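Per numbering that gives the first Met the number 0, the very first residue in the sequence shown carries number 0; after that it's consecutive.
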Amino acid sequence: MTEQKPDASGAAENSGEFAIPDASAGFKLAEASAWFLLEKKAEDISILDLRGASDVCDFFVIADGNSDVQVKALARHLRDNLMERGHRPLNVEGLSEGRWVLLDFFDVIIHVFQGETRRYYQLERLWNDARRLDLDADWFRDPEVAGRHPGLDFIFAPGAEKQGS
């Protein structure tokens with residue numbers, strides 16, 4: 000599996016024409032989605048950059064919840080926050096079951112799994128040529144990230160102390 004690690008400037012190493020993070024609308028939506036998932040304590044959040052590898056979408060966001068209740072709550076929280084910002088999903092699947100919820104925002108498809116279901120389907124393995132960025136609360140402390148999302152407040156990252164404290 001190819002895992003993208005950002006260098007000191009925040010840019011991921013990349014042998015192709017695309018690099019993440021970037022200022023594209025799709026990446027910004029994927030990054031904001033990761034933040035909303037973190038707000039509800041999602042785990043193991045990854046962004047897969049599928050540009051040039053898929054005609055379906057540009058990015059996957061993949062995250063884990065610990066139970067069907069949490070997976071449903073994560074998906075609803077994400078959907079509601081993105082809708083408040085003008086992003087309407089084309090499709091939402093799996094919300095009633097809570098093992099795997101798929102939210103399709105055209106350029107970005109978000110997969111919220113229970114861990115066991117994620118391990119079974121292994122999307123990262125299926126897309127192992129994709130550039131990958133793993134995100135956690137520390138990612139959102141970077142001023143460059145805040146600059147890409149002026150409407151979001153990353154001062155209180157989940158599980159972290161206020162910046163400057």
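Idealized CB from N, CA, C, for every residue including glycine. These numbers come from a predicted model, not from an experiment.
Exposed or buried, R78, counting other C-beta atoms within 10 Å across all chains shown (16 or more means buried)?
-> Within the sequence shown, residue 78 is the residue found at index 79, counting from 1. Per the 10 Å Cβ criterion, buried.
In terms of residue numbering, what span does the beta strand (DSSP E) encompassing S45 cover?
-> As a first step, residue 45 must be located in the sequence shown, where it is residue number 46. 42-48 is the span of the beta strand (DSSP E), which, as asked, contains S45.
Alpha carbon of L134 to alpha carbon of A33, nearest angstrom = Taking the sequence shown and counting its residues from 1, one reaches residue 134 at position 135. Taking the sequence shown and counting its residues from 1, one reaches residue 33 at position 34. L134 and A33: Cα-Cα distance of roughly 7 angstroms.
Given that a residue counts as buried once 16 or more other Cβ atoms are within 10 Å of its Cβ, and exposed if not, what is A22?
-> Translated into positions along the sequence shown, residue 22 becomes position 23. When all chains shown are included, A22 counts as exposed.
Buried or exposed: which applies to G146, given that a residue is buried once 16 or more other Cβ atoms fall within 10 Å of its Cβ?
-> The residue given as residue 146 occupies position 147 in the sequence shown. It is exposed - the Cβ of G146 has fewer than 16 other Cβ atoms within 10 Å.
Contained beta strand (DSSP E) runs [length at least 3] in the segment 100-126, N- to C-terminal order | Counting only runs of 3 or more, we get 107-113.
Assigned secondary structure, L134 (DSSP; H/G/I helix, E/B strand, else coil) | Taking the sequence shown and counting its residues from 1, one reaches residue 134 at position 135. The answer is strand: DSSP assigns L134 an E or B state.
Just the C-alpha distance for K71 and R124, rounded to the nearest angstrom, thanks.
-> Taking the sequence shown and counting its residues from 1, the one referred to as residue 71 is at position 72. Taking the sequence shown and counting its residues from 1, the one referred to as residue 124 is at position 125. Whole-angstrom Cα-Cα distance: 24 angstroms.
Complete alpha helix (DSSP H) runs within the segment 47-101 (minimum length 4 residues, chain order) = 67-83
As assigned by DSSP and simplified to three states, the class of L151 | By 1-based counting over the sequence shown, the position of residue 151 is 152. Three-state DSSP puts L151 in coil, outside helix and strand.
Same chain only: Cβ atoms within 7 angstroms of R50, ignoring 5 sequence neighbours per side | Along the sequence shown, one-based indexing puts residue 50 at 51. Closer than 7 angstroms at the Cβ level, and outside the excluded window around R50, lie F17, D57.
What does a CB cutoff of less than 8 angstroms around G150 pick up in its chain, not counting 5 residues either side in sequence?
-> Locating residue 150 in the sequence shown gives position 151, where the first residue counts as 1. Excluding sequence neighbours, G150 sits near R84.
Unbroken alpha helix (DSSP H) run spanning E165, endpoints | Outside the shown range of the chain (0 to 164) lies residue 165, about which nothing can therefore be said.
Check whether F59 and L47 have beta carbons under 9 angstroms apart = As a first step, residue 59 must be located in the sequence shown, where it is residue number 60. As a first step, residue 47 must be located in the sequence shown, where it is residue number 48. Inclusion of F59 and L47 in the CB contact set at 9 angstroms is warranted, their separation being smaller than that value.
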